[in-house]
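Once you know that position 143 of the sequence shown is 496 in the numbering used here, the rest is easy, because the numbers rise by one and skip nothing.
Ideal Cβ positions, reconstructed from N, Cα and C, are used throughout, including at glycine.
Only a predicted model underlies this, so the values are computations on that prediction, with no experimental measurement involved.
First up is the structure itself, then whatever we jot down about it.
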Amino acid sequence: MSPPLVRATGLRKSYGSARRPVRVLDGVDVTLAEGEVLALLGPNGAGKTTTVRILSTLLRPDGGTAMVAGYDVVHDAARVRQVISLTGQSAAVDEKQSARENLTMMGRLAHLPRRFVRGRVDDLLHAFDLGDAADRRVGTYSGGMRRRLDLAAGLLTRPRVMFLDEPTTGLDPRSRQTMWEVVREVVADGTSLFLTTQYLEEADQLADRVALIDDGRVVAEGAPVELKRRVGDAAVELTFTSAEDVARVGLVGATPDGRVLRVPTDGSVAHVRDVLAAVAAAVGVEPERWEVRAPTLDDVFLTLTGHAARTRDEEAAA
Numbered sequence: 354m355s356p357p358l359v360r361a362t363g364l365r366k367s368y369g370s371a372r373r374p375v376r377v378l379d380g381v382d383v384t385l386a387e388g389e390v391l392a393l394l395g396p397n398g399a400g401k402t403t404t405v406r407i408l409s410t411l412l413r414p415d416g417g418t419a420m421v422a423g424y425d426v427v428h429d430a431a432r433v434r435q436v437i438s439l440t441g442q443s444a445a446v447d448e449k450q451s452a453r454e455n456l457t458m459m460g461r462l463a464h465l466p467r468r469f470v471r472g473r474v475d476d477l478l479h480a481f482d483l484g485d486a487a488d489r490r491v492g493t494y495s496g497g498m499r500r501r502l503d504l505a506a507g508l509l510t511r512p513r514v515m516f517l518d519e520p521t522t523g524l525d526p527r528s529r530q531t532m533w534e535v536v537r538e539v540v541a542d543g544t545s546l547f548l549t550t551q552y553l554e555e556a557d558q559l560a561d562r563v564a565l566i567d568d569g570r571v572v573a574e575g576a577p578v579e580l581k582r583r584v585g586d587a588a589v590e591l592t593f594t595s596a597e598d599v600a601r602v603g604l605v606g607a608t609p610d611g612r613v614l615r616v617p618t619d620g621s622v623a624h625v626r627d628v629l630a631a632v633a634a635a636v637g638v639e640p641e642r643w644e645v646r647a648p649t650l651d652d653v654f655l656t657l658t659g660h661a662a663r664t665r666d667e668e669a670a671a
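Below is the structure:
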């Protein structure tokens, strides 16, 4: 079995003064295999961006080690940079230039052969659906177009590892879906992705594995389906007009939460029907609404940390 393409062990990082340090990373362990998509999922301030900055050689850790493609991110930083690319949370392109000019300039800065750059730029503009706008100033682009251009720029050198630090932050849902499609194409082309995100659905949709990070520590990792199994099966979620109605139900295994009652289910129509009949018999009234709800990554995060991966304010802002 080949070693991981990326391996971080015991990463520690603090900011502030020596007398009053603010701990950001507290022993982060994480790996990325060749051809894999790993999502580092957590709320703002959990340590996602700091982890990526260390792995991409932009920041030195206070402790621990990190290797990328066999190179140490501290002692072999120049070699690490030759095999990676980094796309941050904001577009890193010149708005006064066109997409073609931006990509060509970046290719020359990377000392790539002119003929290769010409062909590669044309290929990337087409692949990222920017061909019709290739010669327009980037300042006229939508947010989604700029993010696609950022991804294209990161792929100019055909990196083995691409770090994507919250690539869809600030995008509307439709643009986010488009970006997901682009990311899938990048993976299909053979690039390994290390993705940070606070969007639960994004991690679920894109990642082969998810590492949940909170307060500078990775609290769990695994395939999304494996992580969800940790919090049990699906549940029938019933909403009543009052908490008193919920208190009268008394079904074994049912979990009350204010006006909401959650009852474990195997998801079959027959079992859901039995649950609804039992609840109606116990309460004497039907719920306002009900739904069968499968476990989510947010359920996993809540179970492991005691709080959601994103606050309601963050969800509303997104």
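For residue i, three-class secondary structure by DSSP
i, result
"Lys401", "helix"
"Gly388", "coil"
"Ala669", "With a pLDDT of 39 at Ala669, under the threshold of 50, the predicted position of this residue should be treated as unreliable, though the coordinate-derived value follows. Note: Ala669 maps to helix in three-state DSSP."
"Ala600", "helix"
"Leu524", "coil"
"Gly659", "coil"
"Arg365", "strand"
"Gly637", "coil"
"Leu394", "strand"
"Ser621", "coil"
"Asp652", "helix"
"Arg372", "coil"
"Leu325", "No information on residue 325 is available, as it lies outside the stretch 354 to 671 that the chain covers here."
"Leu509", "coil"
"Asp627", "helix"
"Thr664", "The predicted model places Thr664 with a pLDDT of 43, which falls under 50 and marks its position as unreliable; any figure quoted below should be read in that light. Thr664: coil per DSSP, three-state reduction."
Residue i - partner residues in DSSP beta bridges
i, result
"Trp643", "Leu591"
"Arg434", "BP columns for Arg434 are empty, so no partner."
"Leu378", "Lys366"
"Phe516", "Leu439, Phe547"
"Arg360", "Thr384, Met420"
Burial state of residue i (16 or more Cβ within 10 Å)
i, result
"Glu538", "exposed"
"Ala596", "exposed"
"Pro356", "exposed"
"Arg665", "Confidence is the limiting factor: at Arg665 the pLDDT is only 36, short of 50, which leaves the residue's position unreliable, though a coordinate-based value still follows. By the neighbour-count rule (16 or more Cβ atoms within 10 Å), Arg665 is not buried but exposed."
"Gly585", "exposed"
"Ala669", "Its pLDDT being 39, under 50, Ala669 is placed unreliably by the model, and nothing is read from it."
"Ser370", "exposed"
"Ala662", "buried"
"Asp567", "buried"
"Asp525", "exposed"
"Asp503", "buried"
"Gln435", "exposed"
"Ala399", "buried"
"Leu358", "buried"
"Gly611", "exposed"
"Pro577", "buried"
"Thr531", "buried"
"Pro520", "buried"
"Thr440", "buried"
"Phe481", "buried"
"Thr594", "exposed"
"Pro640", "buried"
"Asp598", "buried"
Beta carbon proximity, residue i to chain B, threshold 8 Å
i, result
"Asp651", "Chain labels in this structure do not include chain B; a single protein chain is all it has."
Which whole runs of the alpha helix (DSSP H) in the stretch 541–584 are 4 residues long or more, in chain order?
553–559, 577–582
Three or more C-beta pairs closer than 8 Å, one from the stretch 537–556 and one from the stretch 374–393: is that the case here?
yes
I'd like to know if the stretch 515–530 and the stretch 445–455 are in contact, where contact means that at least 3 CB-CB pairs between them fall below 8 Å.
no
Per the contact definition of three or more C-beta pairs closer than 8 Å, is the stretch 574–593 in contact with the stretch 419–432?
no
Runs of 3 residues minimum, wholly inside the stretch 407–490: which ones carry the beta strand (DSSP E) assignment?
416–421, 437–440
If you pair each beta-carbon of the stretch 364–379 with each one of the stretch 400–412, do three or more pairs fall below 8 Å?
yes
Counting Cβ pairs, one atom from each stretch, are 3 or more of them under 8 Å apart for the stretch 410–427 and the stretch 489–502?
no
So does the stretch 649–660 actually touch the stretch 615–628, counting three or more Cβ pairs closer than 8 Å?
no
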